[in-house]
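Numbers in my numbering are just positions in the sequence shown, counted from 1, shifted up by 19. Before any comments, here is the structure.
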Amino acid sequence: MHSTNVKNLEVPGAKLHYEVTGEGPVLLLICGGPTDAAIYAGLVGTLSENYTVVSYDPRGNSRSSLDGTPQEQQIEAHSDDAHRLLAAVTDEPAHVFGSSGGALVGLDLVARHPEQVKSLVVHEPPVMELLPDSDRWREHFQDVYDTYQAAGVGPAMQKFIAGVEGEDAPPPAPPEMGTPSPEMMEMMGRMAANAEFFVGNVMLPFSRFTPDAEALKSAPTRIVCAAGEASKGQPVQQAGLALADSIGAEAVDFPGDHQGFLTHSAPFAEQLRKVLAAGQ
């Protein structure tokens with residue numbers, strides 16, 4: 020098993036906490052929502068056998084501190100963070116995996132810096148602007164924000180999750196997580212602390228993001244849209260498929276649902292490894 024090196028990177032307006040594990044071509048993991056690098060801990064052990072795995076806390080989350088008071092976050096700033104982080108760890112085009120909001124960051128990274136990314140796997144990117152009922156989704160996220168302002172982060176996050184997963188969504192697939200480790204429990208505590216920053220500063224601008232389809236189609240980067248086997252028909256899965264259609268990308272099923280990398284980490288990591296290897 021490879022050891023993990025913990026480092027920091029100064030970027031405009033923030034200091035990023037990042038972790039490097041393994042050897043081989045660089046694979047950058049970008050997380051979304053109120054999560055941080057630890058959300059991918061179940062993937063790192065497998066993937067670090069073939070890759071130098073780099074994971075990090077997005078600016079404003081957990082151990083990646085902002086220089087000033089929290090402001091509305093823009094995807095461009097987050098993709099610039101990913102650009103600078105890749106430049107700090109490699110001179111070669113890297114592989115990138117992003118889930119949920121992290122997938123949006125990956126898409127903007129490729130649109131702006133295609134030379135840095137050999138392959139991009141986006142897991143259920145919530146590009147709700149590509150859905151036929153995008154107006155309803157704008158109203159939904161505004162309602163979540165208004166709920167946060169009126170009633171606090173708890174009710175707002177409940178409304179957010181119910182909307183994204185769909186009220187008629189099937190029960191989550193049985194997890195393969197076992198008893199949470201102390202590290203996982205620590206991460207859950209950090210996520211709870213991150214929730215207010217997410218719903219108050221990240222959710223609205225990220226939910227309005229529309230990828231630059233022309234830039235993505237013209238990029239040399241291989242783009243794969245990962246869809247959860249257990250989230251078929253759910254809004255975020257449909258959004259990811261709409262993205263695949265709009266840019267002519269391949270869509271591939273992955274184990275589990277929107278949290279499959281967490282609940283089914285072993286088969287999820289193996290599927291990701293296969294998808295990345297297919298493009299080499």
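Ideal Cβ placement from N, Cα and C applies to all residues, glycine included.
Span of the beta strand (DSSP E) holding residue i?
i: S52; result: Checking the sequence, you will find Gly at residue 52 rather than Ser. Element bounds for G52: n/a, residue is neither H nor E.
i: G247; result: 241–247
i: D272; result: 269–273
i: G117; result: 113–118
i: L35; result: 33–40
i: E29; result: 23–30
i: V140; result: 136–142
Around the Cβ of residue i, are there at least 16 other Cβ atoms within 10 angstroms (buried) or fewer (exposed)?
i: I58; result: buried
i: R155; result: exposed
i: E300; result: No answer is possible for residue 300: it lies beyond the span of the chain, which begins at 20 and ends at 299.
i: P230; result: buried
i: D264; result: exposed
i: E158; result: exposed
i: E233; result: exposed
i: S138; result: buried
Below 9 Å between beta carbons: does that hold for residue i and residue j?
i: C50; j: P89; result: no
i: V108; j: V39; result: yes
i: G298; j: R241; result: yes
i: T71; j: A285; result: no
i: R131; j: D100; result: no
i: V183; j: P254; result: yes
i: L235; j: G121; result: no
i: F287; j: G61; result: yes
i: P224; j: H114; result: no
i: G87; j: G173; result: no
Could you check the C-alpha separation between residue i and residue j for me, to the nearest Å?
i: C244; j: L85; result: 31 Å
i: R103; j: V30; result: 7 Å
i: A188; j: A258; result: Any reading at A188 must be qualified, since the residue scores a pLDDT of 47, below 50, and its modelled position is unreliable; no value is offered.
i: K251; j: P53; result: 24 Å
i: V163; j: E42; result: 42 Å
i: V141; j: L46; result: 13 Å
i: L123; j: M222; result: 12 Å
i: V294; j: S83; result: 30 Å
i: L150; j: E248; result: 20 Å
i: S119; j: S81; result: 18 Å
i: F179; j: F160; result: 7 Å
i: G79; j: V129; result: 22 Å
i: E205; j: L35; result: 18 Å
i: Q177; j: G171; result: 11 Å
i: A296; j: F280; result: 18 Å
i: H21; j: T282; result: 23 Å
i: P199; j: P145; result: 27 Å
i: G275; j: F116; result: 16 Å
i: Y37; j: A56; result: 7 Å
i: A212; j: V271; result: 33 Å
i: A214; j: M207; result: 11 Å
i: F273; j: L262; result: 16 Å
i: D127; j: A169; result: 32 Å
i: N24; j: I266; result: 36 Å
i: A106; j: N27; result: 14 Å
i: Q93; j: F228; result: 9 Å
Indicate, with yes or no, if the ligand SAM has a heavy atom lying under 8 Å from the CB of residue i.
i: P201; result: Questions concerning the ligand SAM fall outside what the structure shown contains, since it holds no ligand whatsoever.
For my contact list, residue i and residue j are in at a C-beta cut-off of 8 Å; report their separation, rounded to the angstrom.
i: M147; j: S74; result: Not confirmed; about 26 Å, so no contact.
i: E91; j: P112; result: So it is not a contact: roughly 31 Å between Cβ atoms.
i: Q256; j: A246; result: 5 Å
i: Y167; j: G125; result: Not quite, the Cβ-Cβ distance comes to about 26 Å (not below 8 Å), so this is no contact.
i: H277; j: E68; result: Contact doesn't hold; Cβ gap of about 26 Å is too wide.
Where does the unbroken alpha helix (DSSP H) through residue i begin, and where does it stop?
i: T282; result: 279–282
i: E205; result: 201–216
i: T71; result: Careful: T71 lies outside any alpha helix (DSSP H), inside the beta strand (DSSP E) at 71–75.
i: Y59; result: Element bounds for Y59: n/a, residue is neither H nor E.
i: H159; result: 153–170
i: S98; result: 94–108
i: G259; result: 254–266
i: K236; result: 232–237
Answer with yes or no whether the minimum CB distance from residue i to chain C is below 9 Å.
i: D55; result: In the displayed structure, chain C is absent; only one protein chain is listed.
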